[in-house]
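Top line first, the protein sequences correspond to chains Z and D. Heads up: the first sequence begins at 1 in my numbering, then just goes up one per residue. Heads up: the second sequence begins at 1 in my numbering, then just goes up one per residue. For glycine and all other residues, C-beta sits at the position ideal for the given N, C-alpha and C. Bear in mind the structure is a predicted one, so any value in this text is a computation, not a measurement. Below you'll find the structure, written out as structure tokens, and then a few comments.
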Amino acid sequence: MDSFFSVYTFMVSSLVGKVCSFPIVRSITEERKPRKDVCIMRKVQIITDTCSDLTPELMERYGIDYARMNTVFEGKESPAELSWTPDEVHQFYETIRKGGRYTTTQVPVEEYDRVFRKYLEQDCDIVYIACSTKQSGSVNTAKVLAKKLEAEFEGAKILCMDSNRSAVGEGLLAMEAAKLAAAGKSAGEVYASIESIRNTALEFCAVHTLEYLHRAGRVKGSAAFFGNLFGVKPIIIADAEGNQAAYKKVKGRDASITEIVNLLKEKIRKPEEQTVFLAHADCSKEEVDALKARIEKEIPCKDIYVCYIGPIIGASVGPDAISVFAFGEEVTFVGGEK
Amino acid sequence: MLADLIQGGIQNLDLHRDEVNDLNVFPIPDGDTGNNMLMTIQGGEKAVPYENESVGEFARRAADGMLFSARGNSGVILSQIADGIAAGLEGVESADVEDTARAFQCGVEHAYSAVAEPVEGTILTVVREAAEYAASLGCADIQEYLKAFILQAHESLSRTPELLEVLKKAGVVDSGGAGLIYIIEGALSVLNGEPIEKIERVTPLTEHSAPSAPGAELNFDLFNEDSELVYGYCTELLLRLQRKKTDIENFDLAAFRAYLQSIGDSVVCLKTGSVVKLHVHTKEPYLVLKYGQQFGEYLTVKIENMSLQHNNLPADSKLVQSEEHKAFGIVSVATGEGIKQNFREMGSDYIVEGGQTMNPSADDFIEAFRRVNADTIFVLPNNGNVILAAEQAAKLYTDADVRVIPSRTIGDGYAVLSMLDLDSQDADTIEADMNQAMEGVVTGSVTKCIRDAEMDDFCLREGQYLGIVGKTIVSADNDRRDTACMLTARMDFTDHQICIIIRGKDSTEAEAEEIADQLRKEHRDCEVYVLDGGQDLYSYYIILE
């Protein structure tokens with residue numbers, strides 16, 4: 001990941017150098033006056049990335065856009081879209097089930113440039129809610145580019161936040177940010193509010209095996225979680241430091257699903273004001289429906305939203321992972337060796 | 001004197017060892033009671049009497065030896081009887097019949113209190129009824145007491161099948177009780193000055209005292225230029241008595257044994273016809289050779305430096321590297337390379353080799369505890385016949401808080417280790433979690449029938465495969481795979497989501513996968529895994545979690 005990062009940093013400098021020399025001069029001279037007024041009431045655009053697992057429907061509802069990471073399969077790189085069809089979802093996970101291996105890349109700098117520029121040109125400020133740096137180094141690229149773009153679009157603010165979360169946990173924060181932006185908060189205010197609640201976005205995930213996470217180097221856990229633990233279903237949570245952390249061992253699939261329901265029930269706060277999110281990696285309809293019914297029965301939440309675990313998160317948690325998300329008690333657990 | 005009685009007991013038990021081993025409820029390779037009791041009592045034999053030592057003091061040392069060498073359920077109970085006898089003889093200079101009766105009574109009480117749930121129809125019943133009866137007679141001397149004891153013990157033994165259904169079904173008497181009778185009979189023979197006559201053949205010495213095959217796995221580096229002779233030589237000789245040198249019929253074996261005991265320990269000395277088989281651990285083996293040659297000539301001579309047999313010996317600090325001190329340690333009993341490796345990977349710090357046919361002794365456990373070097377040690381016996389010895393060792397070992405998790409099968413052990421989580425850093429929590437992890441685990445096994453038998457509605461032939469769940473035979477067939485499949489058909493998969501097939505040495509990967517595929521088809525909700533366990537005797541363990 002380090003090497004990726006340095007490569008991208010290099011690319012950012014060269015790219016920005018090329019593109020920006022003329023427009024900067026122009027924007028300063030031509031737009032100085034009107035921009036000052038716009039500045040006070042600048043719109044705030046919320047941007048996230050593929051890791052947030054937000055459906056197109058949710059993004060449209062909240063006016064969120066996202067930067068694409070890439071998946072790599074058999075040497076071929078393609079943008080990781082969240083607008084995939086159930087068939088595409090099934091194909092993707094079925095490939096992994098049959099032993100195919102997807103790897104992932106960070107958000108390329110060109111992609112950030114594309115999506116940031118789109119909103120900067122509409123005179124928006126940007127708050128980018130990024131996947132935890134423990135999972136992806138993308139936000140570092142974004143920060144470097146943001147500085148260059150802020151110089152280009154004078155007066156524009158691009159605030160990039162390590163959300164300390166990934167998957168729908170990151171998505172929850174992006175949606176909260178979008179609500180604040182819609183309520184007229186400034187980019188700085190949105191950033192400060194969201195930063196303070198990062199670790200209250202809860203994730204409880206039941207995986208079939210730690211193998212995929214382990215192979216992808218994306219899980220922290222004590223030695224007790226690794227090895228030939230047939231039938232052991234570890235519960236993964238987003239920990240206080242932004243890791244995907246092995247939290248607890250549970251025997252058997254049913255017990256692990258019960259466990260995530262119990263954990264959510266215990267840790268959720270103000271459920272009546274919340275939508276609980278249920279994301280899955282191509283699980284059977286029966287299993288998803290059963291979990292949904294259990295949550296409905298046991299947790300007095302406003303409603304339940306079911307979606308897929310997207311391609312980036314999916315490539316590391318593996319097929320048949322199923323997870324639940326909501327806001328609740330701040331996480332203090334830190335995974336790893338004791 | 002007591003040392004001679006123990007010797008007599010050992011010899012007589014050794015002679016009838018196979019007979020006791022054969023009093024096996026199941027026609028499967030099993031924890032051999034005869035071997036276990038013999039190895040246990042041999043721990044007492046290592047205590048050599050000192051000059052002018054009181055019987056009380058000697059009994060204590062002999063009993064302590066047995067406590068440490070105890071293995072198998074009957075062995076542990078035997079060691080507890082000895083422990084009680086020693087307690088009863090405390091402060092006694094030289095025992096008379098009343099002391100003896102009191103000591104046995106004490107032995108009975110210790111034995112009963114050592115077992116969490118005493119079962120009647122076992123060695124416990126035999127020793128209790130015999131001791132009560134013999135004490136009630138008011139015998140004039142110890143000989144008379146032991147005679148009465150033996151008489152009643154036989155009577156009790158014959159009734160054990162009525163008390164214990166499994167014995168009745170198998171058509172045998174209790175093996176532990178039988179072993180006890182042979183020991184007491186041997187002791188009485190010595191007391192009467194009679195030779196232990198029933199010698200029909202030269203019985204092989206026990207595995208643990210016999211050195212390994214010549215050159216096999218001996219590491220000569222264990223005794224180098226600077227080594228000190230600590231253990232001496234394991235000396236094993238076959239001596240042919242010669243007419244011109246001695247009166248073969250009236251050869252004084254007791255004197256021979258006494259001489260060996262004066263120059264070494266772990267003495268075994270048996271006579272069959274004109275052949276004397278002797279075994280002694282001594283630092284001066286030439287003395288043995290020289291002494292024996294007065295009476296005849298040697299048929300075979302085997303002398304081995306015991307520093308090279310380190311696996312069978314108490315630890316020398318130089319040989320054993322203890323692990324770094326830690327808060328929690330796990331000791332598991334297992335056999336089979338695959339199982340052992342898996343258990344290690346899942347968090348066992350030390351594996352005590354053993355299982356169904358090789359019950360580890362209390363001493364083996366203590367050695368493991370020492371090596372693990374932790375504040376709290378959890379022990380997984382993984383076999384019903386090993387739990388008592390583990391518990392005995394836990395009591396004897398004072399340098400750590402040792403907690404025995406009563407895992408009765410490899411499946412129990414697997415379940416506990418796979419769910420192992422020390423993160424709470426709280427011994428009580430960990431222990432409770434471990435016990436919980438075993439709940440509901442069912443282990444079936446496929447093994448070979450070792451004798452013809454009729455059992456659980458099956459007419460069994462030697463060499464057939466048997467499928468067993470708990471203590472019940474549920475399938476039997478000449479085909480290994482069919483036996484395994486019939487076994488799984490009889491196991492209730494309801495409420496189980498995980499099935500682990502641990503295949504043994506005699507099965508193949510392909511066959512195990514076939515069985516697994518079959519199960520995957522039949523039980524779609526169940527995840528089925530195959531593990532290469534590499535265990536002997538058991539073609540398959542089938543675990544439902």
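- For the pair Z/SER196 and Z/VAL72, the Cα-to-Cα distance works out to about 34 Å.
- Going by DSSP, Z/GLU203 is part of the beta strand (DSSP E) stretching over 201-206.
- Here the alpha carbon of Z/GLU266 sits roughly 12 Å from the alpha carbon of Z/ALA326.
- Distance from the CA of Z/GLY314 to the CA of D/MET419, rounded to the nearest whole angstrom, comes to 25 Å.
- Shown here is that no member of the segment 39-50 of chain D has a Cβ falling below 9 Å from a Cβ of chain Z.
- DSSP places D/ILE366 within a helical segment (H, G or I) once states are collapsed to three.
- Judged by their CB atoms, D/ALA187 and D/GLY8 are nearer to each other than the 8 Å cut-off.
- Sequence-distant partners of D/GLY121 (beyond 5 residues in either direction) whose C-beta falls short of 7 Å from its own C-beta, in its chain, are THR160, LEU163, LEU164, LEU167 and ASP174.
- Against chain D, the CB of Z/SER193 has no partner CB under 8 Å away; the residue lies outside that interface.
- D/LEU180 is positioned such that its CB atom lies closer than 8 Å to that of D/VAL127.
- For D/GLY338, not one C-beta of chain Z is nearer than 8 Å to its own C-beta.
- Residue pairing by DSSP places D/ASN305 opposite D/TYR233 in a beta bridge.
- D/LEU278 and D/GLN11 have their alpha carbons spaced roughly 12 Å apart.
- The beta-bridge partner set that DSSP reports for Z/ILE235 consists of Z/ALA206 and Z/LYS248.
- Within the segment 337-367 of chain D, ASN342, GLU345, MET346 and GLY347 place their CB atoms closer than 9 Å to a CB of chain Z, listed in sequence order.
- Straight through space, the alpha carbons of D/ARG344 and D/ALA362 are spaced by roughly 21 Å.
- Per DSSP, D/ARG17 is one residue of the alpha helix (DSSP H) stretching across 17-22.
- Distance from the Cα of Z/GLY221 is smallest, within the candidate group Z/THR209, Z/ILE236 and Z/ALA246, for Z/ALA246.
- For Z/ILE64, the enclosing beta strand (DSSP E) starts and ends at 64-67.
- Here Z/LYS157 is near Z/ASP125, since their CB atoms are less than 8 Å apart.
- In the structure shown, Z/SER138 falls within a helical segment according to DSSP collapsed to helix, strand and coil.
- For D/GLN518, none of the residues of chain Z pass the 8 Å Cβ criterion, the least Cβ distance being about 18 Å.
- Beta-carbon to beta-carbon, D/SER348 and D/TYR465 are separated by about 30 Å, too far to satisfy the 8 Å threshold.
- Proximity of the segment 278-286 of chain Z to the segment 304-313 of chain Z meets the contact definition, three or more beta-carbon pairs being nearer than 8 Å.
- By the Cβ test, the segment 91-105 of chain D is not in contact with the segment 421-431 of chain D, since fewer than three Cβ pairs between them sit closer than 8 Å.
- Every alpha helix (DSSP H) of 4 residues or more that sits fully in the segment 355-404 of chain D is shown, in chain order, as 362-372 and 387-396.
- Secondary structure within the segment 39-127 of chain D: the alpha helix (DSSP H) runs of 4 or more consecutive residues, fully enclosed, are 55-69, 72-88 and 97-114 (chain order).
- In the DSSP assignment, Z/GLN45 is bridged to Z/ILE126.
- Nearest C-alpha to D/TYR397 among D/PHE369, D/PRO381 and D/ARG408: D/PHE369.
- Z/SER163 is outside the set of residues whose beta carbon lies under 8 Å from a beta carbon in chain D.
- At least one C-beta of chain Z is nearer than 8 Å to the C-beta of D/TYR529.
- D/THR447 is positioned such that its CB atom lies no closer than 8 Å to that of D/ASP32.
- At least one C-beta of chain Z is nearer than 8 Å to the C-beta of D/ILE500.
- A straight-line Cα-Cα distance of about 38 Å links D/LEU460 and D/LEU270.
- Beta-bridge partners of Z/PRO79 (DSSP): Z/ASN70.
- Using a Cβ-Cβ cut-off of 8 Å, D/LEU544 does not count as an interface residue toward chain Z, since no Cβ of chain Z sits closer than that to its own.
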